[in-house]
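Working notes for the structure below.
Numbering (the numbering used here), first residue to last: 96 to 440.
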């Protein structure tokens with residue numbers, strides 16, 4: 096390990112320890128619909144799994160963004176200590192997901208990819224995983240390579256759409272977009288870099304889970320006539336514009352829901368405003384908002400440390416379209432959306 100990497104980790108350690116008493120959450124959170132409300136199978140549902148994980152379902156088609164349940168303690172997140180998936184935690188908290196067909200990975204840090212191999216082996220036996228070349232190389236020794244798809248050559252950017260990738264049932268498609276990962280603290284980003292070759296084993300420590308090319312995604316759930324029923328924008332890391340922005344799409348379909356990432360937002364300029372202006376979504380979901388270091392998945396959640404929750408919310412509310420809504424979802428809660436993309440209250 097280089098001296099510069101060690102110094103950076105020690106700096107982050109000191110900063111996080113100073114912020115260890117992160118404030119309790121005092122923000123509106125989503126409540127489950129009451130029993131009197133009718134939820135039909137043809138409505139879109141989005142269940143929050145914590146960190147960057149979500150299960151999205153519509154009309155019998157189900158996909159997932161990379162879940163994370165292991166939540167290693169911060170003191171184990173450096174380059175010195177062994178790290179592996181907490182299989183007991185995954186088995187305890189992973190919702191039923193045998194019919195998930197696609198798993199989307201925005202970047203390959205441990206808090207997004209560590210649990211994916213075991214999830215794919217035990218909980219989503221038919222799912223394929225999509226992400227960067229670094230993600231593919233990282234997983235190559237643990238997952239059948241036919242189930243792993245690198246999208247670097249298929250991604251779009253703010254000026255040019257990427258290639259649509261269809262799920263096996265033809266009722267959902269995704270488009271990867273070139274994005275970026277904000278620095279973690281004081282302009283410093285940890286665990287960067289990439290892999291150019293397949294790895295025989297999974298990384299044994301946190302710094303082995305290299306970021307690779309960070310991606311955002313457009314997710315389309317389709318009607319029987321292949322028109323778009325719901326369009327969702329997803330990212331698992333705050334991005335410096337123009338990275339992460341959506342290009343003009345030929346069909347002109349608006350974005351119904353945008354999933355944003357508060358973590359590290361203050362380390363870059365004009366976030367979340369740039370994504371809000373770009374997507375003009377009807378509804379915004381805050382993902383990766385909770386303090387996930389040694390997080391008690393059944394206890395009270397705190398906003399991610401070193402992040403000003405009040406500032407993020409104020410800026411979100413000031414920038415969002417007048418008639419749009421937003422929510423900070425509780426862990427494992429599910430939101431339901433009507434045919435026009437509106438949140439069902």
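Here a beta-carbon is modelled for each residue, glycine too, at the ideal position from N, C-alpha and C.
In the structure shown, the three-state DSSP call for residue 218 is coil. Three or more pairs of CB atoms, one per stretch, sit closer than 8 Å, so the stretch 344-362 contacts the stretch 394-408.
From the listed residues 281, 369, 434, the smallest Cα separation to residue 253 is found for 369. Going by DSSP, residue 430 is part of no alpha helix (DSSP H) but of the beta strand (DSSP E) stretching over 429-432.
Around the C-beta of residue 281, fewer than 16 other C-beta atoms lie within 10 Å, and the residue is accordingly described as exposed. Here residue 315 has 268, 323, 326 as same chain residues with Cβ atoms under 6 Å from its own Cβ, once five neighbours each way along the sequence are excluded. Around the beta carbon of residue 166, a 10 Å sphere encloses 16 or more other beta carbons of the protein chains shown; the residue is thus reported as buried. Contact annotation: the stretch 225-245 does not touch the stretch 272-279, with fewer than three C-beta pairs closer than 8 Å. Residue environment analysis places residue 306 among the buried positions, since at least 16 neighbouring C-beta atoms fall within 10 angstroms of its C-beta. DSSP places residue 238 in no alpha helix (DSSP H); its state is neither H nor E.
Residue pairing for residue 160: DSSP places it in a beta bridge opposite 149, 199. Residue 157 sits buried, since 16 or more C-beta atoms from the chains shown fall within 10 Å of its C-beta. Around the beta carbon of residue 277, 16 or more other beta carbons sit within 10 angstroms, so the residue counts as buried.
In this structure, residue 317 sits away from residue 249, with a CB-CB distance that is not shorter than 8 Å.
By the Cβ rule, the stretch 372-379 counts as touching the stretch 431-438, because three or more pairs are nearer than 8 Å.
With respect to residue 199, residue 230 sits apart: the two C-beta atoms are not nearer than 8 Å. Straight through space, the alpha carbons of residue 344 and residue 373 are spaced by roughly 12 Å. Around the CB of residue 216, fewer than 16 other CB atoms lie within 10 Å, so the residue is classed as exposed. Residue 299 sits away from residue 203, with the two beta carbons spaced by 8 Å or more. When beta bridges are read from the DSSP output, residue 140 appears opposite 152, 431. Residue 255 has 252 as its beta-bridge partners, per DSSP. Beyond the five residues adjoining it in sequence on each side, residue 214 comes within less than 7 Å, by CB distance, of 162, 185, 189 in the same chain, given in chain order. Residue range 205-208 is occupied by the alpha helix (DSSP H) that includes residue 205. In this structure, residue 395 keeps its C-beta atom at 8 Å or more from the C-beta atom of residue 365.
Less than 8 Å divides the Cβ of residue 361 from the Cβ of residue 402. The straight-line gap separating the alpha-carbon atoms of residue 302 and residue 205 is approximately 8 Å. Residue 385 sits buried, since 16 or more C-beta atoms from the chains shown fall within 10 Å of its C-beta. In this structure, the beta-carbon distance from residue 371 to residue 417 does not fall below 8 Å. Counted as a single uninterrupted DSSP element, the stretch harbouring residue 398 is not any beta strand (DSSP E), since DSSP gives it neither H nor E. If you draw a straight line from the Cα of residue 341 to the Cα of residue 256, it comes to about 8 Å. Look at residue 273 here: in three-state DSSP terms it is strand.
In the structure shown, the three-state DSSP call for residue 388 is coil. The criterion of a C-beta distance shorter than 8 Å is not satisfied by residue 251 and residue 201. Collapsing the DSSP output to three states places residue 226 in a strand. Under DSSP, residue 312 takes part in a beta bridge, and its partners are 271, 329.
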